[in-house]
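Take a look at the structure below.
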Amino acid sequence: MDQSPAAAAAPPLADTPPAPTHTLGDRLTELRYRWWPDHVLGEILAKRWMETAIPVVVLIGVALVLSSAIPNFLSAASLADTGRQAGEIGFIVLGMALVMIVGGIDLSVGSTFALTNFCALYFMHVLKWPVLGAVMATLVFGALLGAVNGVLIGYFRLRGIGVSLDHPLRVPGFDSVAFADGIESLAVSAINQLDHRLFVSEHGLDNPSTTR
Numbered sequence: 005m006d007q008s009p010a011a012a013a014a015p016p017l018a019d020t021p022p023a024p025t026h027t028l029g030d031r032l033t034e035l036r037y038r039w040w041p042d043h044v045l046g047e048i049l050a051k052r053w054m055e056t057a058i059p060v061v062v063l064i065g066v067a068l069v070l071s072s073a074i075p076n077f078l079s080a081a082s083l084a085d086t087g088r089q090a091g092e093i094g095f096i097v098l099g100m101a102l103v104m105i106v107g108g109i110d111l112s113v114g115s116t117f118a119l120t121n122f123c124a125l126y127f128m129h130v131l132k133w134p135v136l137g138a139v140m141a142t143l144v145f146g147a148l149l150g151a152v153n154g155v156l157i158g159y160f161r162l163r164g165i166g167v168s169l170d171h172p173l174r175v176p177g178f179d180s181v182a183f184a185d186g187i188e189s190l191a192v193s194a195i196n197q198l199d200h201r202l203f204v205s206e207h208g209l210d211n212p213s214t215t216r
């Protein structure tokens, strides 16, 4: 029996491949990609506003934890004290923020802050300067400390992290040499004031001389 030309030209049918079998691991991987929201989290974290949202969320979480762990944490007196400290530290944060915005790093903030605080105490309590003069002198002294680092980094091309890391090591030595007498005077004054406060708190008196 003669075959038609179309039937003669048709290739033989190949064997049908078996259906792929899904193992348990493949099934778990499929469920993970279908239900795990990693792509959603990735899109959210890629937003520009997340850079500021994450610290705010962490701050709120820390405040909630501390408010439940510390009694009277959210009281008016506690918030007023926190605001007072935040105003003082805020000036340091502003300076540090400027350094980080331009791509630098400064590890000498703590030592500079401590030394300028000591200078203010030295000028007011040892040298008996007026408050305005002590403040102006402290600002000038802090600017000179920053200028030393600036010259070393800007003109001598030293690495900022090395200079600022060495700064806390240089400052205590300068502090102990330049203000040796002032350190002893401030220490004695602080001990006397502490003894007076302890005496008053124990006896409920305004002046220790009233016990005579």
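Take the position in the sequence shown, starting the count at 1, then add 4; the result is the number in the working numbering. Beta carbons: idealized from backbone N, C-alpha and C, even for Gly. Since this is a predicted model, take the numbers as computed values, not measurements.
- Of all C-beta pairs linking the segment 90-100 to the segment 125-138, fewer than three are shorter than 8 Å, placing the two stretches out of contact.
- With respect to the 8 Å criterion, Gly108 and Gly164 are classified as neighbours on the basis of their beta carbons.
- Per DSSP, Gly146 is one residue of the alpha helix (DSSP H) stretching across 135-158.
- Less than 8 Å separates the beta-carbon of Leu169 from that of Leu111.
- When secondary structure is reduced to three states using DSSP, Leu45 falls in the helix class.
- No Cβ-Cβ contact shorter than 8 Å links Thr116 with Gly154.
- Around the beta carbon of Val167, a 10 Å sphere encloses 16 or more other beta carbons of the protein chains shown; the residue is thus reported as buried.
- When secondary structure is reduced to three states using DSSP, Thr86 falls in the helix class.
- Rounded to the nearest whole angstrom, the CA to CA distance from Val106 to Leu28 is 52 Å.
- In the structure shown, the three-state DSSP call for Asn76 is coil.
- With 16 or more other CB atoms across the displayed protein chains lying within 10 angstroms of its CB, Ala124 is buried.
- Rounded to the nearest angstrom, the gap between the Cα atoms of Ser82 and Leu70 is 12 Å.
- Counted as a single uninterrupted DSSP element, the stretch harbouring Gly107 is not any alpha helix (DSSP H), since DSSP gives it neither H nor E.
- In the three-state scheme derived from DSSP, where H, G and I count as helix and E and B as strand, Ala101 is classed as helix.
- Its Cα nearest to that of Glu92, the residue Asn121 stands out among Arg161, Leu156, Asn121.
- The alpha-carbon separation between Trp53 and Glu47 amounts to approximately 12 Å.
- The continuous stretches of alpha helix (DSSP H) do not include Thr27, and DSSP gives it neither H nor E.
- Here DSSP, grouped into helix, strand and coil, assigns Leu162 to coil.
- In this structure, Ala141 lies near Phe127, with their beta-carbon atoms less than 8 Å apart.
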